[in-house]
Amino acid sequence: MKVLITGGAKELGRAFSGVLAAQGHQLVLTGRDEEALAIAEAELKAQGAAVEAHVADLGDPHATAKLIESLGGIDVLVNNGALGGPVGPTWQVDENDWWHTFEVNLRGTAFAANAAIRTMTSGRIINVVSNAGVHRWPYVTAYSVSKAAVVKLTENLAVELKHRPIAVLSYDPGMVDIGLMRRGAEMDSGDPHQRKISEWARSQRAAGRFTPVEQSADLLARIVRGEFDHLSGGLITPKDS
Ligand SMILES: NC(=O)c1ccc[n+]([C@@H]2O[C@H](COP(=O)([O-])OP(=O)(O)OC[C@H]3O[C@@H](n4cnc5c(N)ncnc54)[C@H](OP(=O)(O)O)[C@@H]3O)[C@@H](O)[C@H]2O)c1
């Protein structure tokens, strides 16, 4: 299958692309970081994968959509790329940073999904969300509220697509010791809100509540294969599978 993964060259997205490449999928990786994209492309090609990498900033409303349209159809879109957004009381954080997080996490996801739906005959769209989009995560509200919006977008798109063979699923990969969560746990800051978040993240890790990255990536690969299409509109997470 031809799978486009936004943010597929780094961190959790790179773990996803590694497993998908090993399973023989043809990959298209996007992100902002040209160097990371080139490295991931070379590593995956060295493993024998068919892969292409493109700079496409999700903050640009048209970049990912244009790329998807130029590819002439994909089978699966993994909307993985996202920002963690500013940390602190909502009324104190930089409002431009707060809103930009929505532009990337919500508009970026929605417009990529729209382009995929317009060009695909069948397949699936997987929106990577978070526990933060289901439960309240105070002091990271741009992240939490934008991910909550993506959960609702998934539910609505699934109904609108019920007469077409396109599934739309939310995927919460669990708390994984990589990327945002690892940086959160390792943040060493004098800021009391950042410190609170990093202490909480470390306590979750110490309590064994993190999901191993391999488990998280393996479940994503099962969703990519279509094993959960019958649950279109729903939220899949390693805790329930
Ligand atoms: N790590 C966890 O424990 C965890 C838990 C729950 C959910 N998630 C979700 O999993 C996904 C990946 O998280 P992560 O931990 O790997 O985060 P990360 O380390 O911050 O990586 C974010 C990824 O998104 C890409 N990205 C960010 N802004 C972008 C933009 N404007 N345009 C295009 N790409 C952009 C980055 O690539 P560039 O820098 O090249 O742009 C990078 O590949 C996110 O959706 C996150 O919400 C992660």
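Be aware that the sequence shown starts at 1051, since it is given in the working numbering, and climbs by one per residue. Note that beta-carbon positions come from the ideal geometry of N, C-alpha and C, so glycine has one too. What you are looking at is a predicted structure, and each value in this text was computed from that prediction instead of being measured.
Just to check, is the beta-carbon of D1083 closer than 7 angstroms to a non-hydrogen atom of ligand 1?
yes
Answer yes if the stretch 1065-1078 comes into contact with the stretch 1137-1148, meaning at least three C-beta pairs across the two stretches below 8 angstroms, and no otherwise.
no
Exposed or buried, which one is D1222 when buried takes at least 16 other CB atoms within 10 Å?
buried
Is it a yes or a no for the stretch 1263-1275 touching the stretch 1190-1205, going by three-plus beta-carbon pairs under 8 angstroms?
no
Counting only the same chain and skipping the five closest in sequence on each side, list residues whose C-beta sits under 6 angstroms from that of M1237.
Q1244, S1248
Less than 8 angstroms between the CB atoms is what I'm expecting for T1080 and L1127, so what's the real figure, rounded?
Going by Cβ atoms, the distance from T1080 to L1127 rounds to 10 angstroms, so no, they are not a contact pair.
Once the 5 residues before and after N1164 are set aside, which same chain residues still bring their CB inside 8 angstroms of it?
A1115
State yes or no: is the C-beta of P1136 within less than 8 angstroms of the C-beta of W1149?
no
Terminal residues of the alpha helix (DSSP H) in which V1201 lies
1191-1210
Flag D1147 as yes when its Cβ comes closer than 7 angstroms to any non-hydrogen atom of ligand 1, and as no otherwise.
no
What do you reckon, is the C-beta of V1126 under 7 angstroms from a heavy atom of ligand 1?
no
Check whether the stretch 1206-1214 touches the stretch 1224-1240, taking contact to mean three or more Cβ pairs, one atom from each stretch, closer than 8 angstroms.
no
What are the residues that DSSP puts in a beta bridge with N997?
Summary: the structure shown does not reach residue 997, with the chain confined to residues 1051 through 1291, and so no result is reported for it.
Go to I1247, then tell me how far its alpha helix (DSSP H) extends in each direction, as first and last residue.
1242-1256
Taking the C-alpha atoms as reference points, what is the distance between S1196 and N1206?
15 angstroms
Kindly indicate which residue of T1171, E1145, I1176 has the alpha-carbon position closest to the one of A1160.
I1176
Contact between the stretch 1054-1062 and the stretch 1074-1089: three or more CB pairs below 8 angstroms?
yes
Helix, strand or coil at A1103 according to DSSP, with G and I counted as helix
strand
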